[in-house]
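Take a look at the structure set out below.
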Amino acid sequence: MEADAYGVKLPAFGSETLMEADAYVVKLQTYGNEPLFGDLVEGSVILNSMGQIVADEWISASQNYRDIRLDRWIVMPSYIRGIVLLPAQAGELAGHTLPAPSVSGKPRLLSSFVAGFKAAAAKRVNLYRNQPALPLWQRNYSQTLIPDEVALGRIRRWLQESSEQP
29 MEADAYGVKL PAFGSETLME ADAYVVKLQT YGNEPLFGDL VEGSVILNSM GQIVADEWIS
89 ASQNYRDIRL DRWIVMPSYI RGIVLLPAQA GELAGHTLPA PSVSGKPRLL SSFVAGFKAA
149 AAKRVNLYRN QPALPLWQRN YSQTLIPDEV ALGRIRRWLQ ESSEQP
């Protein structure tokens with residue numbers, strides 16, 4: 029997946045629309061909002077080794093779920109935020125029925141993806157910093173269903189612009 033000059037990852041999907049997929053904007057914050065993943069220098073994000081690990085694991089985690097598609101996303105010093113596309117929740121896809129949302133209201137596929145990503149990224153970052161028991165992430169994460177193509181476009185631009193601001 030290619031990145032633009034600001035580290036914003038470009039879409040990794042084909043011609044899907046919101047009629048074919050549900051889009052969520054997801055944000056995962058570091059424990060204590062610590063700026064662990066890099067620095068903002070003259071309006072650009074400069075990832076350190078831990079930030080690069082997080083970026084690598086974001087891509088890797090999505091490859092473990094055939095129905096997950098990543099859209100724009102960015103690693104900032106204290107969080108990762110991105111747009112995640114899931115199969116539309118109505119009906120069947122690829123011959124199987126999709127699981128119902130969990131009790132929390134979050135789609136199980138999204139929750140599973142985030143949990144897998146958080147675990148893998150935390151393990152690798154903690155090995156890198158030689159502190160295996162130290163928490164990396166806040167316990168929960170935020171996710172918001174993107175209602176339509178217009179909102180999706182606004183959020184894509186917002187991710188781009190937020191990467192350009194110190």
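Just remember that the working numbering sits 28 ahead of the position in the sequence shown, which is counted from 1.
Yeah, the Cβ is synthetic: ideal placement off N, Cα and C, and Gly gets one too.
{"Query": "My output table needs one value for Gly-60: the three-state DSSP class, helix, strand or coil.", "Result": "helix"}
{"Query": "Quick check on Ser-106: does DSSP put it in helix, strand or coil?", "Result": "coil"}
{"Query": "Which class does Asp-84 belong to by DSSP, given the choice of helix, strand or coil?", "Result": "helix"}
{"Query": "So Ala-277 packs on Glu-85, CB below 8 Å; how close in whole Å?", "Result": "Nothing in the structure corresponds to residue 277, since the chain is present only between 29 and 194."}
{"Query": "What are the boundary residues of the alpha helix (DSSP H) that Gly-144 is part of?", "Result": "136-156"}
{"Query": "Once the 5 residues before and after Phe-145 are set aside, which same chain residues still bring their CB inside 7 Å of it?", "Result": "Glu-85, Trp-86 and Ala-89"}
{"Query": "Between the C-alpha atoms of Lys-55 and Asn-158, what's the straight-line distance to the nearest angstrom?", "Result": "26 Å"}
{"Query": "Within 10 Å of its beta-carbon, does Pro-115 have 16 or more other beta-carbons around it, so buried, or fewer, so exposed?", "Result": "buried"}
{"Query": "Measure how close the beta-carbons of Ile-111 and Asp-99 come, nearest whole angstrom, since I'm counting them as under 8 Å.", "Result": "4 Å"}
{"Query": "By Cβ distance, which residues of its chain are closer than 7 Å to Tyr-169, with the 5 residues on each side in sequence left out?", "Result": "Val-54, Lys-55, Leu-56 and Val-142"}
{"Query": "Cβ of Val-103 within 8 Å of Cβ of Leu-75?", "Result": "yes"}
{"Query": "In this structure, how does DSSP classify Ala-20 when only helix, strand and coil are distinguished?", "Result": "The structure shown does not extend to residue 20, since the chain is modelled only from 29 through 194, so no value can be given for it."}
{"Query": "Starting from the Cα of Ile-96, find the closest Cα among Asn-154, Pro-163, Leu-187 and Tyr-52 and give me that residue.", "Result": "Tyr-52"}
{"Query": "Determine, using beta carbons only, whether Tyr-59 and Gln-166 come nearer to each other than 8 Å.", "Result": "yes"}
{"Query": "Could you check which residue in Gln-188, Ser-190 and Phe-65 has the C-alpha nearest to that of Ile-81?", "Result": "Phe-65"}
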